[in-house]
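Chains F and W are the protein sequences, given in the same order.
Sequential numbering of the first sequence, starting at 1, is according to this note's numbering.
Sequential numbering of the second sequence, starting at 94, is according to this note's numbering.
Everything on this sheet refers to the single structure shown next.
Number of protein chains: 2
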Amino acid sequence: MIRLSVYYPTTEGATFDHDYYRDKHVPLAVKTFGLDGAEIDKGVDGPYVAAVHMKFESLDALAAAMSSAADVMADVANYTTITPILQTSEIVD
Amino acid sequence: MIRLSVYYPTTEGATFDHDYYRDKHVPLAVKTFGLDGAEIDKGVDGPYVAAVHMKFESLDALAAAMSSAADVMADVANYTTITPILQTSEIVD
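Below is the structure:
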């Protein structure tokens, strides 16, 4: 299994709308990518104000999802001015 | 629920023993902290060579676990020269 994590670094002067993220953006991503769900983090302590973790069956499935990600990417401006950081990882058994 | 994520930034010239991490270190952390388990990431693309994600019932439970973390911290030198980054987050329902 592959995990795609998207991190939003805490940034001086930047905004992040956690409600929009939870209620609109992540559901849009889940629907667009055909996922069962996603786990959302709201930062308490550390470098990130928010994050989301999504699981894909394979790198090919992730690549296929990313090819349909334009609407999801375009929605980012609706909740934050932070440039997200993407991390792709293999989930170790 | 609270997530503690520990990230290991890919660092020029640094080492990371993924086998030791999976077989020895994370099991030590899981046992020491009294967790059901933990999810390990092996980096494929992005800023981190590895990460682990652990769930706690509350910030108090996390704080209690951290108070017994000395042996876990001391074990880090056995698998990496990278200084880990800690992120504490609230898992959003």
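Every residue, glycine too, gets a C-beta built ideally from N, C-alpha and C.
Straight-line gap, residue i to residue j (C-alpha atoms, nearest Å)
i, j, result
"threonine 11 (chain F)", "threonine 80 (chain F)", "11 Å"
"glutamate 132 (chain W)", "alanine 77 (chain F)", "31 Å"
"glutamate 183 (chain W)", "valine 44 (chain F)", "6 Å"
"leucine 128 (chain W)", "alanine 14 (chain F)", "35 Å"
"aspartate 41 (chain W)", "leucine 4 (chain F)", "In the structure as shown, chain W begins at 94 and stops at 186. Residue 41 (chain W) is therefore absent and cannot be evaluated."
"phenylalanine 149 (chain W)", "methionine 54 (chain F)", "20 Å"
"valine 26 (chain F)", "methionine 66 (chain F)", "14 Å"
"serine 151 (chain W)", "aspartate 186 (chain W)", "14 Å"
"phenylalanine 126 (chain W)", "serine 161 (chain W)", "8 Å"
"glycine 37 (chain F)", "tyrosine 21 (chain F)", "14 Å"
Start-to-end residues for the alpha helix (DSSP H) that takes in residue i
i, result
"lysine 124 (chain W)", "119-126"
"valine 165 (chain W)", "163-168"
"histidine 153 (chain W)", "According to the sequence shown, residue 153 (chain W) is aspartate rather than histidine. 152-159 is the extent of the alpha helix (DSSP H) around aspartate 153 (chain W)."
The beta strand (DSSP E) enclosing residue i, as first and last residue numbers
i, result
"alanine 50 (chain F)", "48-56"
Buried or exposed by the 16-neighbour rule on C-beta atoms within 10 Å, applied to residue i
i, result
"alanine 51 (chain F)", "buried"
"methionine 73 (chain F)", "exposed"
"methionine 94 (chain W)", "exposed"
"glycine 139 (chain W)", "buried"
"aspartate 19 (chain F)", "exposed"
"alanine 29 (chain F)", "buried"
"aspartate 60 (chain F)", "exposed"
"aspartate 23 (chain F)", "exposed"
Residues bridged to residue i (per DSSP)
i, result
"serine 79 (chain W)", "The structure shown does not extend to residue 79 (chain W), since chain W spans only 94 to 186, so no value can be given for it."
"threonine 80 (chain F)", "F:Phe16"
"tyrosine 101 (chain W)", "W:Ala143"
Close-in-space but distant-in-sequence residues of the same chain around residue i (CB under 7 Å, 5 per side omitted)
i, result
"phenylalanine 109 (chain W)", "Tyr101, Val142, Ala143, Tyr172, Thr173 and Ile175"
Nonlocal neighbours in the same chain, by C-beta distance under 6 Å from residue i, ignoring five residues either side
i, result
"threonine 181 (chain W)", "Leu97"
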